[in-house]
Amino acid sequence: KVVARYAEKLLVKFYGGGLDFASKAEVFIDSVAYSVKRAWRRKGFMALAAALMLLQWIAGALELGALFSSIGYSVGAWVLLIAFPLHCYLTALPVGIPAALGVTEAGTVALFTALGVERSAAMAATLLVRFVEVWFELALGAAVAVAAGVGQRERLAELVRGWRAEARVLARGGGGRG
Numbered sequence: 005k006v007v008a009r010y011a012e013k014l015l016v017k018f019y020g021g022g023l024d025f026a027s028k029a030e031v032f033i034d035s036v037a038y039s040v041k042r043a044w045r046r047k048g049f050m051a052l053a054a055a056l057m058l059l060q061w062i063a064g065a066l067e068l069g070a071l072f073s074s075i076g077y078s079v080g081a082w083v084l085l086i087a088f089p090l091h092c093y094l095t096a097l098p099v100g101i102p103a104a105l106g107v108t109e110a111g112t113v114a115l116f117t118a119l120g121v122e123r124s125a126a127m128a129a130t131l132l133v134r135f136v137e138v139w140f141e142l143a144l145g146a147a148v149a150v151a152a153g154v155g156q157r158e159r160l161a162e163l164v165r166g167w168r169a170e171a172r173v174l175a176r177g178g179g180g181r182g
């Protein structure tokens, strides 16, 4: 609440009054807390989510193993099981570069070599895994977007109209004075 009230004071200086940021933040936080409590009571779904996460970890390690095998390099299962979640962490670093290109590759090569993989094999496998992650997922996402896009186009247009309306209100000195 303290941070929300301070942020509201800053926003009032820039956009004028009437934003009531603190109460909106409080409602948001209460809503998140309610959702987390609700999810925690549904233990079956939580167990399913944990099982799916475990399957994702194993599938990711298998993906890395398949890519190493494709270049004729053998890697132990423990290396793959350690490397996969750390590689995922590297892909999630907020570096401000689309797909963290370059940063993720350098980190993944360093990770593999630290785990005992030869540099050339580490580089080849890293380039292959990034090809699969970035370009294949991009193509798959585009295909799904095109397939689902007919019904989604109007929702997107409505969302953009809403953003424009909010921007106009803010440009005129804030929203809902009173």
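Counting the sequence shown from 1 gives a position; the working numbering is that position plus 4.
Even for Gly, the Cβ is constructed at its ideal location relative to N, Cα and C.
In this structure, the CA atom of V138 is about 18 Å from the CA atom of S74.
Here the C-alpha atom of F32 lies approximately 15 Å from the C-alpha atom of R42. Here S78 carries a coil assignment [DSSP, helix/strand/coil].
Looking at C92, V99 and A65, the one whose alpha-carbon comes closest to that of V83 is A65. For V133, the enclosing alpha helix (DSSP H) stretches over residues R123 to R134. Take H91, set aside five residues on each side of it, and the residues of its chain with a beta-carbon closer than 7 Å to its own are T112 and L115, in chain order. About 19 Å separates the beta carbons of A110 and F72, which is beyond the 8 Å limit, so they are not a contact pair.
The DSSP-derived three-state label of A43 is helix.
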